[in-house]
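To start, the structure itself, in structure tokens.
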Amino acid sequence: MMKKLTKIKAAMLCGAMAMGGTAAKAEMEYQQVSDLLHLVMSSDRTVYTRMIVNRLAVKEGVIKASEHFEDDKALVLPAQMFRFGAEMVAEETDAFSYSLLSLWPINKQNAPSTDLEKEGLEYIADNPGENFYGEEELGGVTYFTAFYPDVAVAEACTQCHNEHKDSPKTDFEGGDVMGGVVIRIPMDG
Amino acid sequence: MKRNTALWILWIGLTLMGAGTVFAKLYIGGDRSVLLPGQTAGAHHQLEIACETCHTSKPFASQAKLRKDINKTCETCHKDELKAADDSHPKKKFTNPRMASYWEKVDGRFCTTCHSEHQPEVTLPMMLTLQGDYCVACHSEGEQDIRKDRESHADLTFDTCASSGCHNYHDNRALYEDFLVKHGQDPWLADHAVIPVAALPAPPRAGSADEIAAYLAAVDAPANSLDDQIAQDWAASAHAAADVTCSGCHAPEEDIAWTDHPDQGVCSDCHKPQAKSFSGGRHGMRGHAKISKPRDAKKQLKALGWKDAPEGLITALETYLGDPVPPAAMTTDEARVELRDDAHGQGMECTACHKPHREEPDFAAIGACLTCHDDDHSRAYEGSPHHDLWLAEQAGDGPAGSGVTCATCHMPQEEKKGFALTNHNQNDTLRPNEKMIRPVCMSCHGLGFAIDALADPALIANNFSGQPSRHIESIDWALKRVETPEKGANQ
Numbered sequence: 001m002m003k004k005l006t007k008i009k010a011a012m013l014c015g016a017m018a019m020g021g022t023a024a025k026a027e028m029e030y031q032q033v034s035d036l037l038h039l040v041m042s043s044d045r046t047v048y049t050r051m052i053v054n055r056l057a058v059k060e061g062v063i064k065a066s067e068h069f070e071d072d073k074a075l076v077l078p079a080q081m082f083r084f085g086a087e088m089v090a091e092e093t094d095a096f097s098y099s100l101l102s103l104w105p106i107n108k109q110n111a112p113s114t115d116l117e118k119e120g121l122e123y124i125a126d127n128p129g130e131n132f133y134g135e136e137e138l139g140g141v142t143y144f145t146a147f148y149p150d151v152a153v154a155e156a157c158t159q160c161h162n163e164h165k166d167s168p169k170t171d172f173e174g175g176d177v178m179g180g181v182v183i184r185i186p187m188d189g
Numbered sequence: 190m191k192r193n194t195a196l197w198i199l200w201i202g203l204t205l206m207g208a209g210t211v212f213a214k215l216y217i218g219g220d221r222s223v224l225l226p227g228q229t230a231g232a233h234h235q236l237e238i239a240c241e242t243c244h245t246s247k248p249f250a251s252q253a254k255l256r257k258d259i260n261k262t263c264e265t266c267h268k269d270e271l272k273a274a275d276d277s278h279p280k281k282k283f284t285n286p287r288m289a290s291y292w293e294k295v296d297g298r299f300c301t302t303c304h305s306e307h308q309p310e311v312t313l314p315m316m317l318t319l320q321g322d323y324c325v326a327c328h329s330e331g332e333q334d335i336r337k338d339r340e341s342h343a344d345l346t347f348d349t350c351a352s353s354g355c356h357n358y359h360d361n362r363a364l365y366e367d368f369l370v371k372h373g374q375d376p377w378l379a380d381h382a383v384i385p386v387a388a389l390p391a392p393p394r395a396g397s398a399d400e401i402a403a404y405l406a407a408v409d410a411p412a413n414s415l416d417d418q419i420a421q422d423w424a425a426s427a428h429a430a431a432d433v434t435c436s437g438c439h440a441p442e443e444d445i446a447w448t449d450h451p452d453q454g455v456c457s458d459c460h461k462p463q464a465k466s467f468s469g470g471r472h473g474m475r476g477h478a479k480i481s482k483p484r485d486a487k488k489q490l491k492a493l494g495w496k497d498a499p500e501g502l503i504t505a506l507e508t509y510l511g512d513p514v515p516p517a518a519m520t521t522d523e524a525r526v527e528l529r530d531d532a533h534g535q536g537m538e539c540t541a542c543h544k545p546h547r548e549e550p551d552f553a554a555i556g557a558c559l560t561c562h563d564d565d566h567s568r569a570y571e572g573s574p575h576h577d578l579w580l581a582e583q584a585g586d587g588p589a590g591s592g593v594t595c596a597t598c599h600m601p602q603e604e605k606k607g608f609a610l611t612n613h614n615q616n617d618t619l620r621p622n623e624k625m626i627r628p629v630c631m632s633c634h635g636l637g638f639a640i641d642a643l644a645d646p647a648l649i650a651n652n653f654s655g656q657p658s659r660h661i662e663s664i665d666w667a668l669k670r671v672e673t674p675e676k677g678a679n680q
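Residue numbers (my numbering), protein chains in the order written: chain A, 1 to 189; chain B, 190 to 680.
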């Protein structure tokens, strides 16, 4: 795990968090910025999963959630909702990026593709409740990369992954680490 | 002066003059078509004299800036098309730094990675300038090795991925696996084979002689301009029923004098969606809003750092080095497809297909196309099963929406506020032709038949007179995989 944490100007990333003129000048550690970003992502994702998809598609059964949501006139899957948000962020800024990856992805595009991704995803799967932080160079740029466990928060998560024909793991249970949210911040220089 | 010295001075003078001329044409103004590095692909030749449509960078910009800028201009015209395609390899998929290792293989962040202009000698169909087996770069190793993911693909070669009716780089709306499974058992022809939007009610029109007479009694055209046949035709049109009067087109504003030949701006003033889609296709792309205007000499000099150039110099430059103005519409002389000998010189304005006063659906949907197009597919239309269906519908022997014209497939309609709205981009369901499957073919045909038919060049050439001689196995493989799933296979 990375021990020495460098600093990032909060104003670069946290315009929405800035509270008055003084806050814009504050500096935050990469890890702190990343943790805060993840808190927002994780909360929104959990709310969507529990209060929209699980409630309407699993408990009440009034609408389906489907990977082909347009053709099937269905709810967007929680993983897709998360990815669409990440893509929208990527269109607005390159100050940070994020992804939802797994050692057992339904879509193999979401399998680890860098050495650090493999190391980080294995660490959070083997150490429930812990995050993983590191640095890596990609495309000539050094990134601070953080890994956060993505836990099965509702029946909809395990049901879909266990039943999908392309899922490499079909025995997930509630509370299991199913993958990880990966946040990257390019480091100064 | 020695002879050699004089020759040196002459050589230097001529060199400077030549270099100055090239420099001026490149950076200030003038016809630059002689400087084209190579013929453009597809229909881009219609933009060749408007270089700034694609080349927007300032002089001497860095290579990275040039690449970024030129790729941005691709989206100027093609962004909506890519969005509608639910692009399988969108730029946003590749901008994430975790995809950096793929940038060295096929850099999906840039259109020009696969579509490089001015290289006719290496340009393949779909304006592809990579080799046809480009899928191998990313899908032949590691997690993405398709030969390991799919038992059915183990022995396939990578030059067949996108050339066999199975996959496209961008548009797979009718080809993705779950869609194949969902429609894999559809019959080749539906029991009620009708294009639903073509069966929608037409806008109201004056039908009876009394209604036409009542309309003509109140018309506001100058008496001497009113041809009786024109008046009769107009009175029976949807335009008349919608209270569009003669002056609506011939004198659209109070301070504009009557003109016998209005330009097509009067059409697009009201028919905005049609005009927009027309400008997205080959017929009308000259009218696209983003085609660059001729360069302004003063602005060009300013961009080069000369802010206060003398007015005389600017006037002289504009006089002798003015950019040519692109014609408002292409003519058939510029077409790069097979056309009839007697079609040359035809302008591609609205009136090329739509008679200004008389509604002729048969001409707009078929006749106008066949007036110009002279390829096998076009020549085979009349007498084809689709044409027979159209004739039957017109004769009242077939249900509304059962006829299939050129426009049915190449300018499909969609429903808007209860009426049919025609897409005037005749290319929207082509490049690749599998784009036609969902909005057109599947109204009447099963997915399997449509995939096979569109992958059969001979059947396309005879305008679908018969059954496909080829069979694309993608549906068979998809159904088999559902019945006996390959654990861990990619989606």
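Backbone N, C-alpha and C define an ideal beta-carbon position, used for all residues, glycine too.
The model shown is predicted, which means the values in this text are computed figures rather than measured ones.
Beta-carbon neighbours of residue i, restricted to chain B and to distances below 8 Å
i               : result
A111 of chain A : E332
E117 of chain A : R287
Residue i to residue j span [Cα, whole Å]
i               : j               : result
T312 of chain B : A146 of chain A : 43 Å
I63 of chain A  : C633 of chain B : 29 Å
P105 of chain A : T46 of chain A  : 19 Å
A446 of chain B : L493 of chain B : 44 Å
E173 of chain A : A152 of chain A : 7 Å
N260 of chain B : M625 of chain B : 27 Å
L389 of chain B : G373 of chain B : 29 Å
R298 of chain B : W377 of chain B : 39 Å
P451 of chain B : C438 of chain B : 6 Å
A464 of chain B : G473 of chain B : 8 Å
S658 of chain B : A639 of chain B : 12 Å
P279 of chain B : E92 of chain A  : 16 Å
R221 of chain B : A486 of chain B : 14 Å
E507 of chain B : A407 of chain B : 51 Å
Y30 of chain A  : I185 of chain A : 7 Å
Residues that residue i contacts on chain A, provided the C-beta gap is smaller than 7 Å
i               : result
P286 of chain B : S97, L138, G139, V141, Y143 and R184
S329 of chain B : Those within 7 Å of S329 of chain B in chain A number zero; the least Cβ separation is about 14 Å.
Given residue i as reference, the closest of the options once Cα atoms are compared
i               : options                           : result
Q308 of chain B : B:Q228, B:R298 and B:G655         : B:Q228
I401 of chain B : B:A382, B:Q656, B:F212 and B:A425 : B:A425
E191 of chain A : A:E137, A:D176, A:L138 and A:F144 : A question about residue 191 of chain A goes unanswered here, because the residues of chain A that appear run from 1 up to 189.
D617 of chain B : B:R627, B:P550 and B:A589         : B:R627
A517 of chain B : B:M206, B:L196, B:Q235 and B:V211 : B:Q235
A382 of chain B : B:G590, B:R336 and B:E442         : B:G590
L116 of chain A : A:N54, A:A57, A:R83 and A:S102    : A:S102
M81 of chain A  : A:E91, A:E92 and A:F69            : A:F69
V181 of chain A : A:D126, A:L121 and A:G134         : A:L121
D380 of chain B : B:K606, B:P588, B:A596 and B:R620 : B:P588
H267 of chain B : B:N614, B:P226 and B:V526         : B:N614
Q333 of chain B : A:N107, A:E163 and A:E137         : A:N107
G139 of chain A : B:E330, B:S246 and B:W292         : B:W292
Chain-order list of residues whose beta-carbon lies under 7 Å from that of residue i (same chain, five-residue window excluded)
i               : result
P574 of chain B : F653 and S654
A232 of chain B : R471 and M474
P601 of chain B : N612, T618, P628 and V629
K669 of chain B : none
N679 of chain B : For N679 of chain B, the predicted model reports a pLDDT of 41, less than 50, meaning its position is unreliable and no value from the coordinates is stated.
Y216 of chain B : P248, Q489 and L493
Residues near residue i in its chain [Cβ-Cβ closer than 6 Å; skip 5 each side]
i               : result
D276 of chain B : H359
A514 of chain B : The sequence given here places Val at residue 514 of chain B; Ala does not occur at that position. Cβ within range, chain order: P483.
A420 of chain B : L405
C456 of chain B : C539
F132 of chain A : G120, Y123, I124 and F147
A498 of chain B : L490
Closer than 9 Å at the beta carbon, the chain B residues around residue i
i              : result
H68 of chain A : Y365, D367, F368 and K371
Listed by chain order, chain A residues near residue i by CB distance under 9 Å
i               : result
S290 of chain B : S113, T114, L138 and G139
Where residue i meets chain A, residues with beta-carbon distance less than 8 Å
i               : result
K479 of chain B : Near K479 of chain B there are no residues of chain A at all, since even the closest Cβ is about 20 Å away, more than 8 Å.
Contact list for residue i against chain B, beta-carbon separation under 7 Å
i               : result
A90 of chain A  : K281, T284 and N285
E122 of chain A : Result: empty, since nearest Cβ-Cβ is about 15 Å, beyond 7 Å.
E87 of chain A  : K281
Sheet register partners of residue i (DSSP bridge)
i               : result
H562 of chain B : B:L528
Y98 of chain A  : A:I183
Neighbourhood of residue i by C-beta distance below 8 Å, restricted to the same chain and skipping five residues each side
i               : result
D417 of chain B : none
N357 of chain B : S277, A351, L364, P621 and E623
T49 of chain A  : P78, V153, A154, A156 and C157
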